[in-house]
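**Student:**
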Amino acid sequence: MSEAKRATFRRGNERIAELLADPDTAARVETIRAEMAQADRAHAMGLAAIRRAAQLTQTELAQRMGIKQAAVSGLEAREDLLLSTLANYLAAAGATDVTITARLGDRTVEVALPAQLVGGA
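Note that our numbering gives residue 266 to position 45 of the sequence shown, counting from 1, and the numbers run on in steps of one.
(1) Taking contact to mean at least 3 C-beta pairs separated by less than 8 Å, is the stretch 309-325 in contact with the stretch 272-285?
(2) Is I271 helix, strand or coil when you go by DSSP?
(3) Since A212 and L282 should fall inside the 8 Å C-beta cutoff, what is the C-beta to C-beta distance between them, to a whole number of angstroms?
(4) Thinking L334 and L296 are a contact (beta carbons under 8 Å), I'd like their distance in whole angstroms, please.
(5) Is the beta carbon of L325 closer than 8 Å to that of V319?
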């Protein structure tokens, strides 16, 4: 009978360093990090673009939302928003008939946000 193989503890940083020593793995990780950074920039530019299209400053939008300017700045930089937070932002910017569009293969599906979510009656 063979002796059971004992598990040894290794620090996560050591394992990560070992994996990143492989040039292919390091390149894949860097590509993913760059894509994530680009997605973050696109998100931030997206919300700010909506505000600018409404010809509002962060301070003006903040007043409409009943929050501070720094909070609007934070929303525009945030990676993850609740749907209700996005709806409040859009309503304060004056958006109407808001839809979310998703591509599923060769199909496009639009879902309208309820008017009461986006500042309607």
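Note that beta-carbon positions come from the ideal geometry of N, C-alpha and C, so glycine has one too. Bear in mind the structure is a predicted one, so any value in this text is a computation, not a measurement.
**Tutor:** Judging by the given coordinates:
(1) yes
(2) helix
(3) Nothing can be reported for residue 212, as the shown portion of the chain is limited to 222 through 342.
(4) L334 to L296, Cβ: 17 Å. No contact.
(5) no
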